[in-house]
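In terms of my numbering, the sequence shown opens at residue 2 and continues consecutively.
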Amino acid sequence: MAENLNVLQSTQYIIEQALTRLGYSDGMVQLLKEPMRVLTVRIPVRMDDDSVQVFTGYRAQHNDAVGPTKGGVRFHPDVTEDEVKALSIWMSLKCGIVDLPYGGGKGGIVCDPRQMSFRELERLSRGYVRAISQIVGPTKDIPAPDVMTNSQIMAWMMDEYSRIREFDAPGFITGKPLVLGGSHGRETATARGVTIMINEALKKKGIHLKDARVIIQGFGNAGSYLAKFMHDAGAKVVGISDVYGGLYDKDGLDIEYLLDRRDSFGTVTKLFKNTLSNREFLEQECDILVPAAIENQITADNADRIRASIVVEAANGPTTLEATRILTERGVLIVPDVLASAGGVVVSYFEWVQNNQGYYWTEAEVLSRLQEVMEKAFENVYNVHITRNVDMRLAAYMVGVRKMAEAARFRGWV
Ligand code: NAD
């Protein structure tokens, strides 16, 4: 099956399957398999040495039948238009699964922030907002952080947008610092959501968290907070990895030490002599495997050798379609990316709601609402998986596209 498809093609493949199973026409498939709008921009930036470098950026808006579009902005040298398009479709699915009044959007700039100064990054962030300002806004399309963007970058973007519009617009962007209208719990939201998903999956498998051995690939924002939450909850974190390699100890790793020594790019394993390759690492003994790094890590080549009984995808697109089939046939419970990593957009939505009402919630309020939303989403997807006899990924897509398709139908678009 479709093992060599890129991320956009494989997403389109499952969207088509989901809509067909739900009884929608080919017109609906044609509408939802591509973003409605993709803007490509060129952003001139004055560099610190006085030269001018021109960067390429994108903003994709998948579908706004349900409401404004929403999704992060990624700064990375490998950003492509197809990747941004696929990510915007995944955002639509996530918003549908957790039942938010949004469609999906996503942005990206082809750049390497690790090679840029603080002021160059500020000029790039402001330039991007000027370039896309006509199609974004608090009731049109609301950006947020993603790979290699953070709350400082959100603050510059919010400031630039507010200057252009000549009013303070905190609801233009989420993931802001608390003093500028950010929400408690936003930074850890993805890992919190993944933790809730792990608990739900463990219940289905009849395993207690305290008896569970966890392997986490990736020690960045998602992976490192997750390691902390798992460790604090009494699970045994037996493996962690970063781009340089993996650490594994069947008796459990010293998570507090590793968190203390990790750098701001989520790397720590360089401090150790004997590390595993990421490939060997994924095949070690555990109960729960959490890919929290990059795409295409579990493929037809290694799916047979994954020893976990639960795979919870914190990363976007870590498992190929063929690997999904192999794992499902082997009885592995997969909590797919569009469900597992939706905690970030849920708390982004809470941030936007707080900005709109000008009234701010405590961290306890944010976390209890997140818990409720994520548990309900898991149950909905799991029920479709059981009652429609489809794998968890297809079940999540079926739940995720339904609201968007219905909204488009009521609007008379299809
Ligand atoms: P990050 O940049 O903070 O960390 C990435 C981690 O992955 C680092 O530890 C890095 O060393 C490691 N890594 C990079 N390349 C690797 C490779 N080839 N092999 C093994 N490890 C590698 O990123 P993040 O924000 O933690 O995001 C990780 C994944 O989770 C991404 O797929 C992202 O799209 C997804 N995600 C993150 C959030 C969020 O709120 N942070 C939300 C939804 C989805």
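Glycine is no exception: its CB is placed at the ideal position from the N, C-alpha and C atoms.
Suppose you measure from the CA of residue i to the CA of residue j; what does that come to, to the nearest Å?
i	j	result
L88	K107	6 Å
P45	E121	11 Å
Y162	G186	24 Å
I15	E167	43 Å
I307	E284	5 Å
V291	T270	18 Å
D100	D288	30 Å
H209	V137	45 Å
G392	Q31	In the sequence on display, residue 392 carries Asp and not Gly. Each residue's Cα considered, the two are about 23 Å apart.
T140	F230	34 Å
L417	K204	The displayed coordinates of the chain run from 2 to 415. Any statement about residue 417 would go beyond what the structure contains.
I311	G194	16 Å
T325	G332	11 Å
R60	K251	44 Å
N200	I335	13 Å
M198	F379	7 Å
R131	M405	29 Å
L260	A315	18 Å
Going by the C-beta, is residue i closer than 7 Å to any heavy atom of the ligand NAD?
i	result
A316	yes
F220	yes
V347	no
G97	no
T81	no
D243	yes
N279	yes
S11	no
A293	yes
A223	yes
T268	yes
V148	yes
S342	yes
T191	yes
Which residue marks the beginning of the alpha helix (DSSP H) containing residue i, and which one marks its end?
i	result
D322	Looking at the sequence shown, residue 322 is not Asp but Leu. Residues 322-330.
R124	119-133
A202	190-206
A145	Counting along the chain, A145 falls outside any alpha helix (DSSP H), though it belongs to the beta strand (DSSP E) covering 142-146.
L290	Careful: L290 lies outside any alpha helix (DSSP H), inside the beta strand (DSSP E) at 289-292.
N381	364-388
L181	Run containing L181: none; DSSP gives neither H nor E here.
L232	Checking the sequence shown, residue 232 turns out to be His, not Leu. Residues 222-233.
K211	Where K211 is concerned, there is no enclosing alpha helix (DSSP H), given that its DSSP letter is neither H nor E.
Q13	8-22
F282	279-283
Beta-carbon separation of residue i and residue j under 8 Å?
i	j	result
A190	G24	no
I98	H63	no
L439	Y398	This structure leaves residue 439 out entirely; the chain is present only between 2 and 415.
E286	N317	no
V80	V111	yes
I1	A294	Residue 1 is absent from the model: the chain starts at 2 and stops at 415.
P498	Y103	The structure shown does not extend to residue 498, since the chain is modelled only from 2 to 415, so the question has no answer here.
F76	P114	yes
V238	L254	yes
T300	T321	yes
N384	G172	no
V313	A408	no
L9	D65	no
Figure out for me which residue from the options has the closest Cα to the Cα of residue i.
i	options	result
V347	R370, I110, G332	R370
G128	K141, P139, G104, M159	M159
F266	L9, M405, M37, N151	N151
S118	I174, L259, I154	I154
E376	G219, T388, L340	L340
A365	F282, E373, Q358	E373
L272	V42, Y258, A304	Y258
Q218	Y249, G207, T325	Y249
A234	R164, I241, G221, D212	D212
T57	G359, G28, L125, A19	L125
T12	G73, M92, V67, G72	M92
T175	V74, S278, K251	V74
A309	K206, A406, G401	K206
V148	D169, V85, R131, R410	V85
Starting from residue i, follow the beta strand (DSSP E) in both directions and report where the run begins and ends.
i	result
G104	104-111
L248	246-249
Q153	No beta strand (DSSP E) contains Q153, which is instead part of the alpha helix (DSSP H) from 152-166.
R308	It is not in any beta strand (DSSP E) - R308 carries neither H nor E in the DSSP assignment.
R214	214-218
H77	70-77
Q62	53-62
D243	237-243
T41	38-47
L334	334-336
If we define contact as Cβ-Cβ less than 8 Å, is residue i a contact residue for chain B?
i	result
I311	Judged by its chain identifiers, the structure shown contains no chain B, having just a single protein chain.
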